[in-house]
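Residue numbers (my numbering): 22 to 568.
No residue lacks a Cβ here, since even glycine has one placed at the ideal position from N, Cα and C.
Read through the structure below, which is laid out as structure tokens, and then see the notes.
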Amino acid sequence: MHDAAEVAVQPPTTNPLNPTPRRDRTAWLWLAVGTLLLQFAWFAHVLPIAGWLAPVFLLRFVRGQRVTVGLLTIGLIGYLTVLVAMRGSITAPDIYLFALAGLTMIVSYGADRMFARRLGGLLGTLVFPATDTGLAFLASTASSGAFATLGAPAYTQASELTLVQLVSVTGLWGLSFLITWLAPVANDLWEHGFDPRQVRRGTTAFVAVLAATFLFGGAQLAFFAPDSPTVRVAALAPDRELASAADTAELGPRPLPSATRTAVRGAYLDPLADDLFARTREAAGGGARIVVWSEAAAYVFKEDEAAFLGRARAVARDEGIYLQIGLVSMLPTDRYPSVEIRAILLDPAGKVLWDYPKATKVLSDPNLPGPGIVHTVDTPYGTLATVICFDADWPSLVRQAGMAGTDLLLVPSSDWQEVAELHARMAVFRAVENGANLVRPTRRGTSVASDYQGRLLGYKSDYFVGTDHTMVANVPTEGRPTLYVYIGEIVGWMSVLGMIVLPAVALARRRRHDDTRDSSSAPDAESGPAAARDTAWQAERPDRGTP
Numbered sequence: 022m023h024d025a026a027e028v029a030v031q032p033p034t035t036n037p038l039n040p041t042p043r044r045d046r047t048a049w050l051w052l053a054v055g056t057l058l059l060q061f062a063w064f065a066h067v068l069p070i071a072g073w074l075a076p077v078f079l080l081r082f083v084r085g086q087r088v089t090v091g092l093l094t095i096g097l098i099g100y101l102t103v104l105v106a107m108r109g110s111i112t113a114p115d116i117y118l119f120a121l122a123g124l125t126m127i128v129s130y131g132a133d134r135m136f137a138r139r140l141g142g143l144l145g146t147l148v149f150p151a152t153d154t155g156l157a158f159l160a161s162t163a164s165s166g167a168f169a170t171l172g173a174p175a176y177t178q179a180s181e182l183t184l185v186q187l188v189s190v191t192g193l194w195g196l197s198f199l200i201t202w203l204a205p206v207a208n209d210l211w212e213h214g215f216d217p218r219q220v221r222r223g224t225t226a227f228v229a230v231l232a233a234t235f236l237f238g239g240a241q242l243a244f245f246a247p248d249s250p251t252v253r254v255a256a257l258a259p260d261r262e263l264a265s266a267a268d269t270a271e272l273g274p275r276p277l278p279s280a281t282r283t284a285v286r287g288a289y290l291d292p293l294a295d296d297l298f299a300r301t302r303e304a305a306g307g308g309a310r311i312v313v314w315s316e317a318a319a320y321v322f323k324e325d326e327a328a329f330l331g332r333a334r335a336v337a338r339d340e341g342i343y344l345q346i347g348l349v350s351m352l353p354t355d356r357y358p359s360v361e362i363r364a365i366l367l368d369p370a371g372k373v374l375w376d377y378p379k380a381t382k383v384l385s386d387p388n389l390p391g392p393g394i395v396h397t398v399d400t401p402y403g404t405l406a407t408v409i410c411f412d413a414d415w416p417s418l419v420r421q422a423g424m425a426g427t428d429l430l431l432v433p434s435s436d437w438q439e440v441a442e443l444h445a446r447m448a449v450f451r452a453v454e455n456g457a458n459l460v461r462p463t464r465r466g467t468s469v470a471s472d473y474q475g476r477l478l479g480y481k482s483d484y485f486v487g488t489d490h491t492m493v494a495n496v497p498t499e500g501r502p503t504l505y506v507y508i509g510e511i512v513g514w515m516s517v518l519g520m521i522v523l524p525a526v527a528l529a530r531r532r533r534h535d536d537t538r539d540s541s542s543a544p545d546a547e548s549g550p551a552a553a554r555d556t557a558w559q560a561e562r563p564d565r566g567t568p
């Protein structure tokens with residue numbers, strides 16, 4: 022046993038009530054490793070393991086640096102990473118929006134630095150994931166543009182179906198929380214020589230939750246896979262060359278003169294529509310009972326809309342199919358809004374079952390957002406619902422479809438090359454959350470079809486190099502209820518609560534510690550060897566807090 026003198030010359034490396042760690046001389050190495058991993062944990066080129074490991078090394082850097090240096094550096098890394106990932110996808114005014122990514126990292130990593138050691142144990146490991154997840158959730162609910170849930174860590178695991186099943190219970194934010202939880206757990210182990218006995222509460226809790234997640238996901242995939250009859254669905258994106266020609270047409274100020282409108286129809290709009298209707302008939306002839314066009318598959322002047330819809334009715338009746346057309350109606354004005362972006366579903370009798378306007382406005386899109394009311398309709402092939410493209414980035418909006426018992430979710434979309442793969446992955450999460458099968462025809466992007474557990478049934482990613490822009494898939498006609506549909510975003514709100522309550526608890530503990538220290542500053546029976554032993558106990562077991 023050490024005596025008081027020996028203890029006095031052995032200062033603790035970390036005091037849980039004064040979180041100033043010993044400087045880590047290799048911290049900049051861990052920053053480099055974390056930054057490299059971060060490039061594969063967010064956008065187009067994703068490695069699932071990078072989503073777990075990048076925060077581990079970045080947190081190691083922040084814990085091993087002065088607060089100002091660590092947090093300013095991590096904020097800059099977050100901003101530059103998003104800026105590089107989104108290059109070619111954004112315009113100059115949008116660049117400043119991505120400072121939010123850096124600010125979010127400053128707050129979440131800063132919360133861990135300031136409060137995790139003060140709490141210690143299990144509670145200390147929850148500060149970082151609660152703050153990171155809570156901030157992302159709040160940003161997604163407050164966002165009115167294209168960003169919503171973009172960048173959520175859960176999306177990096179799209180190929181890991183066992184893990185993805187968790188979102189059928191917790192939604193997107195449960196899996197995001199689990200991924201970010203690893204960082205403080207791993208760092209606590211790192212700081213204690215990877216001896217789990219030193220930090221057993223946090224380590225045990227994390228490992229137990231992770232194991233339960235794998236067991237649940239494995240059981241879901243093994244015992245509750247789709248076994249219903251299937252329906253043949255054709256997903257059509259417009260011909261690339263015809264669509265590109267229409268996109269680059271110089272229409273000039275609107276309203277256009279009659280002669281100009283006639284020329285535009287003949288040169289651009291009619292060839293695009295003719296190709297879509299011909300391919301629709303071809304798909305129906307091949308056995309498709311549902312044909313879905315992508316977002317913005319066809320363009321029409323507003324005055325031509327009725328005639329175009331009449332043509333679509335005739336095709337649906339002739340072929341005996343459910344046909345959803347993706348239409349952009351150009352309004353006779355240059356003022357905002359100048360277009361309407363809609364998805365119109367017709368039944369085999371040619372009747373309009375819904376006329377859904379896109380609920381989101383993406384960056385500089387000239388459409389007026391619709392009310393965001395998701396309609397459903399019962400068919401011989403299950404209950405159908407639709408949203409358009411970026412609408413699917415809002416889990417709460419799509420949850421309307423899950424609450425209505427949707428079996429097949431149609432998500433006509435239009436992307437751009439840099440975002441194509443990420444956006445396709447994101448849409449599949451809405452299928453798993455809501456227990457609905459999914460078909461997503463995509464203009465200028467990746468078309469996918471999946472079942473309600475995220476298995477890909479159709480996948481077409483060659484829009485920019487291929488010439489065939491039709492994807493056909495056999496899709497189950499029955500979905501499956503999920504717990505997420507009933508509890509909604511409870512994990513997101515619990516994370517918000519945690520990011521408020523945990524720092525409050527840490528500050529309260531500090532105040533109690535300060536009060537205790539002040540009251541014992543005068544000489545008494547506790548100021549001798551016993552006090553020195555308490556200091557040594559804290560130094561050896563910082564995860565347990567004060568004795």
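Next item on the list: Rounded to whole angstroms, what's the CA-CA distance from Ser434 to Pro524? Just pull it up for me.
Entry: Residue mapping note: residue 434 aligns to position 413 of the sequence shown, counting from 1. Residue mapping note: residue 524 aligns to position 503 of the sequence shown, counting from 1. Going by the C-alpha atoms only, they are around 42 Å apart.
(Q) Can you look up Pro497 in the DSSP assignment and give me helix, strand or coil? (A) Along the sequence shown, one-based indexing puts residue 497 at 476. Under the three-state reduction of DSSP, Pro497 is assigned to strand.
Cβ pair count under 8 Å reaching 3, the region 407-426 against the region 135-143: Output reads no: the region 135-143 does not touch the region 407-426.
Mapping DSSP to helix, strand and coil, what is Phe322? Counted from its first residue, the sequence shown places residue 322 at position 301. Here DSSP, grouped into helix, strand and coil, assigns Phe322 to strand.
Point to revise | Own chain partners of Pro114 with C-beta closer than 6 Å, once the 5 adjacent residues on each side are dropped | key: One-based indexing of the sequence shown puts residue 114 at position 93. Note that Pro114 scores a pLDDT of 48, beneath 50, so its modelled location is shaky and nothing firm can be said.
field: First and last residue of the uninterrupted alpha helix (DSSP H) at Gly195
entry: Counted from its first residue, the sequence shown places residue 195 at position 174. Here the alpha helix (DSSP H) through Gly195 covers Leu193 to Glu212.
Open item on the list: Let's see if you can read the secondary structure: which residues bound the beta strand (DSSP E) around Gly442?
Closed with: Along the sequence shown, one-based indexing puts residue 442 at 421. Before going on, a small fix: residue 442 reads as Glu here, not Gly. Judged by DSSP secondary structure, Glu442 falls outside any beta strand (DSSP E) and instead within the alpha helix (DSSP H) spanning Ala441 to Asn455.
Compare the beta carbon distance of Val20 and Leu405 with 8 Å and say whether it is the shorter of the two.
-> Outside the displayed span of the chain (22 to 568) sits residue 20, for which this structure offers no information.
| message | Can you give me the C-alpha to C-alpha distance between Trp375 and Asp399, rounded to a whole angstrom? | response | Within the sequence shown, the letter at position 354 stands for residue 375. Within the sequence shown, the letter at position 378 stands for residue 399. Computed Cα separation, rounded: 12 Å.
Arg303 - containing alpha helix (DSSP H), residue span = Residue 303 sits at position 282 when you count from the first residue of the sequence shown. Just to set this straight, residue 303 is Glu in the shown sequence, not Arg. DSSP places Glu303 inside the alpha helix (DSSP H), whose first and last residues are Asp291 to Gly306.
Comparing alpha-carbon positions, which option in Val440, Thr488, Leu477 and Val313 lies nearest Ala466?
-> Counted from its first residue, the sequence shown places residue 466 at position 445. This sequence places Gly at residue 466; Ala is not what is there. With respect to the C-alpha of Gly466, the residue from Val440, Thr488, Leu477 and Val313 having the closest C-alpha is Val440.
For Ala305 and Gly341, I'd like the C-alpha separation in whole angstroms. Reading the sequence shown from its first residue, position 284 is the one you call residue 305. Reading the sequence shown from its first residue, position 320 is the one you call residue 341. For Ala305 and Gly341, the distance between alpha carbons rounds to 8 Å.
query = Who are the Cβ neighbours of Pro76 in its own chain at under 6 Å, not counting the five residues just before and after it?
reply = Translated into the one-based positions of the sequence shown, residue 76 becomes position 55. Take Pro76, set aside five residues on each side of it, and the residues of its chain with a beta-carbon closer than 6 Å to its own are Thr201 and Ala204, in chain order.
Open item on the list: Let me check one thing: in DSSP terms, what residues is Glu361 bridge-paired to?
Closed with: Your numbering for residue 361 matches position 340 in the sequence shown. In the DSSP output, where bridge partners are listed per residue, Glu361 has Ser350.
(message) My output table needs one value for Trp314: the three-state DSSP class, helix, strand or coil.
(response) Numbered from 1 along the sequence shown, position 293 holds the residue referred to as residue 314. Three-state DSSP puts Trp314 in a strand.
- Message: Assuming Val449 and Gly475 are in contact, meaning their beta carbons sit under 8 Å apart, how far apart are those beta carbons, in whole angstroms?
- Response: Working through the sequence shown from its first residue, we reach residue 449 at position 428. Working through the sequence shown from its first residue, we reach residue 475 at position 454. The C-beta distance from Val449 to Gly475 rounds to 5 Å, short enough to meet the 8 Å contact threshold.
Residue from Tyr402, Leu418 and Ala207 with nearest C-alpha to Ile409:
Taking the sequence shown and counting its residues from 1, one reaches residue 409 at position 388. If we check each option's Cα against that of Ile409, Leu418 comes out closest.
field: Gly239 - containing beta strand (DSSP E), residue span
entry: Here residue 239 refers to the residue found at position 218 of the sequence shown. Counted as a single uninterrupted DSSP element, the stretch harbouring Gly239 is not any beta strand (DSSP E) but the alpha helix (DSSP H) occupying residues Arg221 to Phe244.
Check your understanding: By Cβ distance, which residues of its chain are closer than 7 Å to Ala452, with the 5 residues on each side in sequence left out?
Key -> As a position in the sequence shown, residue 452 is number 431, starting the count at 1. Around Ala452: Leu430, Asn458, Leu459, Ser471, Tyr473 and Gly475.
Could you tell me whether the region 364-380 touches the region 325-336, using the rule of 3 or more Cβ pairs below 8 Å? Contact holds: three or more Cβ-Cβ distances are below 8 Å.
I want to check one thing, is the minimum distance from the CB of Phe215 to the heavy atoms of the ligand HEM below 7 Å? This structure does not include the ligand HEM; it has no bound ligands of any sort.
### Message
Suppose the cutoff is 7 Å on Cβ atoms and the five residues either side in sequence are ignored; what does the same chain contact list for Ala224 look like?
### Response
Taking the sequence shown and counting its residues from 1, one reaches residue 224 at position 203. The displayed chain sequence assigns Thr, not Ala, to residue 224. Excluding sequence neighbours, Thr224 sits near Val206, Leu210 and Pro217.
Q.
Quick check: what's the CA-CA separation for Pro9 versus Asp436?
A. Because the chain spans 22 through 568 in this model, residue 9 falls outside it and cannot be assessed.
Quick one: residues in its chain with C-beta nearer than 7 Å to the C-beta of Ile127, no 5 flanking neighbours on either side, listed in chain order? Here residue 127 is taken as the residue at index 106 of the sequence shown, counted from 1. Only Leu92, Ile95 and Gly96 meet the Cβ criterion.
### Query
If you check the beta carbons only, do Met520 and Thr152 fall under 8 Å apart?
For the purposes of this step, residue 520 is taken as the residue at position 499 of the sequence shown. For the purposes of this step, residue 152 is taken as the residue at position 131 of the sequence shown. For Met520 and Thr152, yes; Cβs fall inside 8 Å.
For this session: State the CB to CB distance for the pair Gln178 and Gly307, rounded to an integer number of angstroms; the pair is presumed to be in contact (CB under 8 Å).
Result: On the sequence shown, position 157 is the one that residue 178 refers to. On the sequence shown, position 286 is the one that residue 307 refers to. The pair is not a contact, with the Cβ atoms about 35 Å apart (cut-off 8 Å).
**Asked** Using a Cβ-Cβ cut-off of 6 Å (strictly less than) and excluding sequence neighbours within five positions of Gly513, which residues of its own chain qualify?
**Response** One-based indexing of the sequence shown puts residue 513 at position 492. Only Phe158 and Trp194 meet the Cβ criterion.
Taking only three categories from DSSP, how would you classify Thr467?
In the sequence shown, the residue the question calls residue 467 occupies position 446. Three-state result, Thr467: coil.
Taking the alpha helix (DSSP H) that Pro416 belongs to, which residues open and close that run?
For the purposes of this step, residue 416 is identified with residue 395 of the sequence shown, where counting begins at 1. Per DSSP, Pro416 belongs to the alpha helix (DSSP H) from Pro416 to Met424.
Next on the checklist: What would DSSP say about Ala49, mapped onto helix, strand or coil?
Outcome noted: Counting from one through the sequence shown, the residue named residue 49 turns up at place 28. Here residue 49 turns out to be Trp, not Ala, going by the sequence shown. Helix at Trp49.
Given a threshold of 16 other Cβ atoms within 10 Å of its Cβ, counted over all protein chains shown, does Thr234 qualify as buried or as exposed? Position 213 of the sequence shown, counting from 1, holds the residue named residue 234. Looking at its Cβ environment, which holds 16 or more other Cβ atoms inside 10 Å, Thr234 is buried.
Is the beta carbon of Leu344 less than 8 Å from the beta carbon of Ala337?
-> Residue 344 sits at position 323 when you count from the first residue of the sequence shown. Residue 337 sits at position 316 when you count from the first residue of the sequence shown. Yes; because the gap between Cβ atoms is below 8 Å, this pair is in contact.
For Arg286, which residues from the same chain have a beta carbon less than 6 Å from its beta carbon, with the 5 sequence-adjacent residues on both sides left out?
Indexing the sequence shown from 1 puts residue 286 at position 265. So no residue of the chain qualifies.
Buried versus exposed, by CB contacts within 10 Å (16 or more), Phe485 = Numbered from 1 along the sequence shown, position 464 holds the residue referred to as residue 485. Around the C-beta of Phe485, fewer than 16 other C-beta atoms lie within 10 Å, and the residue is accordingly described as exposed.
Query raised in the report: Under a Cβ-count criterion, where at least 16 other Cβ atoms within 10 Å of its own Cβ denotes burial, should Phe244 be classed as buried or exposed?
Result: In the sequence shown, residue 244 corresponds to position 223, counting from 1. When all chains shown are included, Phe244 counts as exposed.
Inspect the beta-carbon positions of Leu182 and Asp414 and report whether they are closer than 8 Å. In the sequence shown, counting from the first residue as 1, residue 182 sits at position 161. In the sequence shown, counting from the first residue as 1, residue 414 sits at position 393. No, they are not a contact pair.
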